[in-house]
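Basically this note's numbering = 1-based index in the sequence shown + 5.
Since the structure comes first, as structure tokens, the remarks are kept for the end.
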Amino acid sequence: MRGSNQSSVSEFLLLGLSRQPQQQQQLLFLLFLIMYLATVLGNLLIILAIGTDSRLHTPMYFFLSNLSFVDVCFSSTTVPKVLAIHVLRNQAISFSGCLTQLYFLCVFADMDNFLLAVMAYDRYVAICHPLHYTTKMTHQLCVLMVAGSWVVSSMNALLHTLLMARLSFCADNIIPHFFCDTPPLLKLSCSDTHLNKLMILYVAGLLMITPFVCILVSYVLIACALLRVSSTRGRWKAFSTCSSHLAVVGLFYGTIISLYFNPFSSSSHSAGSDMAAAMMYTVVTPMLNPFIYSLRNKDMKGALRKVLTMKYLSIQKC
């Protein structure tokens with residue numbers, strides 16, 4: 006029984022890819038490596054393109070550059086450890102290391118959530134109040150919204166990390182996951198986790214639902230405004246500025262809901278599906294975001310082409 010051994014756990018074992026056959030482990034390792042490199046390269050190119058092109062110094066691209074930075078950090082919190090476990094054949098992660106990983110996961114997940122809401126509000130102002138856009142979306146307000154998101158995300162992550170730190174972990178220290186996440190850690194604890202679950206339900210739930218509701222309200226108002234546009238071309242042009250953001254919102258919230266609000270999460274086969282969903286929002290979504298935002302964006306494609314051309318010319322000179 007879990008409570009029979011009262012010795013404190015000093016480290017956890019992340020099963021991660023080790024549950025798969027050896028050949029599949031090699032393929033998954035290569036897949037993680039490629040996706041991580043694509044995530045870092047793609048998002049850094051987005052940040053560089055926005056920073057070097059004065060035409061992109063607008064609120065929308067300011068938020069996008071922050072989202073790209075958060076996505077790089079989000080993937081870097083989990084993937085390097087997964088790769089290190091496979092290369093070094095050491096699945097152990099210290100208790101403090103596990104809590105540190107949990108803290109930064111919470112911070113960057115919340116930041117993704119808040120930034121998507123802020124970007125939805127930006128689109129609402131741009132489409133519904135175009136004449137007042139520059140006066141409403143000032144640089145000071147944009148910085149304040151991003152800074153406020155960082156503060157709230159950090160405080161929420163600190164709360165849940167401290168609540169996790171007070172728990173006792175006795176006999177079982179095996180985490181059937183590739184990173185330290187809240188649900189598997191709560192299952193391992195031999196302490197009373199009632200307070201942790203309450204805080205997840207009320208505090209984390211509120212911080213997750215509020216931005217989601219803001220996004221929904223923003224797009225309902227945008228849809229109402231678009232219905233009043235007589236020109237089909239004008240309506241489509243306005244909607245096309247939101248399509249990339251809607252795709253990212255669908256990816257992010259779809260995987261979050263399937264992972265944390267899955268009614269079958271207690272079933273015996275849920276560990277693999279939970280890992281797949283977690284992989285989607287921590288690895289796949291950050292990798293796809295740069296492609297989604299630049300695919301149908303002429304300004305972004307032009308800025309990226311300019312950055313790559315400059316890089317190519319600098320290499321040629323060397």
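Where a beta carbon is used, it is the ideal one built from N, C-alpha and C, also for glycine.
Only a predicted model underlies this, so the values are computations on that prediction, with no experimental measurement involved.
The C-beta of methionine 284 has 16 or more other C-beta atoms within 10 Å across all chains shown, which makes the residue buried.
The continuous stretches of beta strand (DSSP E) do not include isoleucine 205, and DSSP gives it neither H nor E.
Restricting attention to Lys311, Val312, Met315 and Asp304, the CA atom closest to the CA of tyrosine 66 is found in Asp304.
Here leucine 61 is buried: its Cβ has 16 or more other Cβ atoms, across all protein chains shown, within 10 Å. Between the region 201 to 209 and the region 225 to 236 there are fewer than three inter-stretch CB-CB distances shorter than 8 Å, so the stretches are not counted as touching.
Here phenylalanine 183 is buried, its C-beta having at least 16 other C-beta atoms within 10 Å.
Here phenylalanine 37 is buried. Its C-beta has 16 or more other C-beta atoms within 10 Å. In this structure the region 120 to 132 does not lie against the region 81 to 100, because fewer than three pairs of beta carbons, one per stretch, are closer than 8 Å. Contact annotation: phenylalanine 174 and leucine 191 have beta-carbon atoms that are not nearer than 8 Å. In this structure, the straight-line span from the alpha carbon of alanine 252 to that of alanine 43 is close to 19 Å. The region 130 to 188 contains, as complete alpha helix (DSSP H) runs of 4+ residues, the segments 138 to 141 and 144 to 170 (chain order). Membership of serine 99 in the beta strand (DSSP E) is indicated by the continuous run 97 to 99. For leucine 18, the uninterrupted beta strand (DSSP E) run begins and ends at 16 to 19, by DSSP. Relative to the Cα of alanine 162, the nearest Cα in the group Met213, Ser70, Leu146 and His144 belongs to Met213. Burial check for phenylalanine 296: the Cβ neighbour count within 10 Å stays below 16, so the residue is exposed. Leaving aside the five residues that flank isoleucine 227 on each side, the residues in its chain whose CB is nearer than 7 Å to its CB run, in chain order, Arg128, Tyr129, Ile132, Cys133 and Cys247.
The beta carbon of proline 291 sits closer than 6 Å to the beta carbons of Thr44, Asp76, Phe79 and Ser80 from its chain, once the five residues preceding and following it are set aside; these are given in chain order. Residue Val112 holds the alpha-carbon nearest to the alpha-carbon of alanine 152 among Arg171, Tyr138, Val112 and Leu293. Between leucine 20 and proline 181, the C-beta gap is smaller than 8 Å, which places the two residues in contact. Comparing C-alpha distances from threonine 187 to each of Leu18, Cys103, Cys147 and Met124 shows the shortest one belongs to Cys103.
In the three-state DSSP reduction, cysteine 195 falls in the coil class, being neither helix nor strand.
Fully contained in the region 22 to 97 are the following alpha helix (DSSP H) runs of length 4 or more, in chain order: 27 to 57 and 64 to 93. If the five residues before and after proline 135 are omitted, its C-beta is found closer than 6 Å to no C-beta atom of its own chain.
Taking a C-beta distance under 8 Å as the contact criterion, leucine 168 and methionine 124 do not qualify as a contact pair.
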